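The opening residue of the sequence shown carries number 1 in my numbering; numbering runs sequentially from there.
Inspection log for the structure reproduced underneath, given as structure tokens.
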Amino acid sequence: MARIVWGLATSHVPSIGAAHDRGLQEDPDWKPLFDGYKPLQEWMADNTPDVAIVVYNDHANAVGFEIVPTFGIGVGDSFNVTDEGWGVRPVPTPVGKPEFARFLTKEIIDQGFDLTMFNQLEVDHGLTVPMSVYCPEPGEQWPCPIVPILVNVLQYPQPTAARCYELGKAIGKAVEAYPEDLKVAIFGTGGMSHQLAGTRAGFINEEFDRDFLEKIETDPDALAKLTREELIELAGTEGLELIMWLVMRGAIGDSIRRVADTYFVPASNTAAGAAVFERV
Ligand code: DHB
Ligand code: FE
């Protein structure tokens, strides 16, 4: 039986990837952020999974606005890193796990979440930056194959926090139905508070973020009650990405232990947070 063994919640700010790729880890502006990741990274490096399910959003970089699936899943062999305008990031091409992904797709659809299947998918910073947070020095390839799960956070009406939490629970059940012994990690990505445009551009809400970082472990039901409008009010338009943390939290279940977390403001215009939870 496959089993979720740990979860990572992390922001995916593109400038974190750019700073990483330029070797700015010791730069005074960036050092506190990169140092904050180290305890999480050391623990994850000691607990390499067989596969990671990465819940993320594309930012109209590789998946356009022509069709906007509410939820999707990447079932292909690999996922080329897309060029967002500054060249392709110098990171390994994520490798898929098609047989597992297709099994999950069926199990999740049978539980009432009609996932859109991406037989072809390129990935943007929404996925590659969390991979770099997970494993900053992967070498030729990432430590494990991945199954990307996509969530629409860009175009109204986005799925609710409650629906994302329930999707996570469906993913958890689907994983446990898989007959082969696999250690599975699940990433919930995006956030924390930020707003990139409009009159509130630059909006950050540290009090809300710290509360969210706490409650994602201790009271996910309270977070799942937030409406999308409340989340946008409290966390900014793009802070709504935090609904993807609830997918991770729903999937990993209630028997968890916080390994470590970190919070840093600002990474460009965004509050960057991360936390690792072990299934116990
Ligand atoms: C930025 C982009 C994002 O997708 C995000 O989640 C945070 C920040 C940016 O362009 O700075
Ligand atoms: Fe984003």
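For each residue, glycine too, the CB sits at the ideal point set by N, CA and C.
Owing to the predicted nature of the structure, the values given are computational and were not obtained by experimental measurement.
{"Check": "For Lys183, which three-state DSSP category applies?", "Outcome": "strand"}
{"Check": "Beta carbon of Ala101, beta carbon of Met248: below 9 angstroms?", "Outcome": "no"}
{"Check": "Under 8 angstroms by Cβ, that's how I've got Pro94 and Val75 pegged, so tell me the actual separation to the nearest angstrom.", "Outcome": "So it is not a contact: roughly 13 angstroms between Cβ atoms."}
{"Check": "Check Phe277 in the structure and name its three-state DSSP category.", "Outcome": "strand"}
{"Check": "Between the alpha carbons of Trp245 and Leu226, how many angstroms are there, rounded?", "Outcome": "13 angstroms"}
{"Check": "Look at Thr70 and Thr116 and say whether their C-beta atoms are less than 9 angstroms apart.", "Outcome": "yes"}
{"Check": "Which value, in whole angstroms, describes the spacing of the CA atoms of Gly273 and Tyr263?", "Outcome": "4 angstroms"}
{"Check": "If you compare alpha carbons, which of Asn47, Pro28, Pro14 is closest to Ile4?", "Outcome": "Asn47"}
{"Check": "Taking 8 angstroms as the line, does the beta carbon of Asn57 fall inside it for any heavy atom of the ligand FE?", "Outcome": "yes"}
{"Check": "Quick one: which unbroken beta strand (DSSP E) runs of 3-plus residues sit fully inside the segment 168-214? Chain order, please.", "Outcome": "183-189"}
{"Check": "Using C-beta distances below 6 angstroms, list every residue in its chain close to Thr237, excluding the 5 sequence neighbours before and after it, in chain order.", "Outcome": "Gln195"}
{"Check": "How about the segment 139-148 and the segment 46-66: do they share at least three Cβ pairs that are nearer than 8 angstroms?", "Outcome": "yes"}
{"Check": "Looking at the structure shown, is Ser78 part of a helix, part of a strand, or coil, going by DSSP?", "Outcome": "strand"}
{"Check": "Does Met1 pass the burial test, meaning 16 or more other C-beta atoms within 10 Å, or should it be called exposed?", "Outcome": "exposed"}
{"Check": "Where does Val247 sit, in a helix, a strand or coil, going by DSSP?", "Outcome": "helix"}
{"Check": "Give a single yes or no on whether Glu238 has its beta carbon closer than 8 angstroms to a heavy atom of the ligand DHB.", "Outcome": "yes"}
{"Check": "So Leu213 and Ala275 are supposed to be a Cβ contact under 8 angstroms. How far apart are they, rounded?", "Outcome": "6 angstroms"}
{"Check": "Between Asp50 and Val184, is the Cβ-Cβ spacing less than 9 angstroms?", "Outcome": "yes"}
{"Check": "For Asp83 and Asp21, what's the separation of their Cα atoms in angstroms?", "Outcome": "14 angstroms"}
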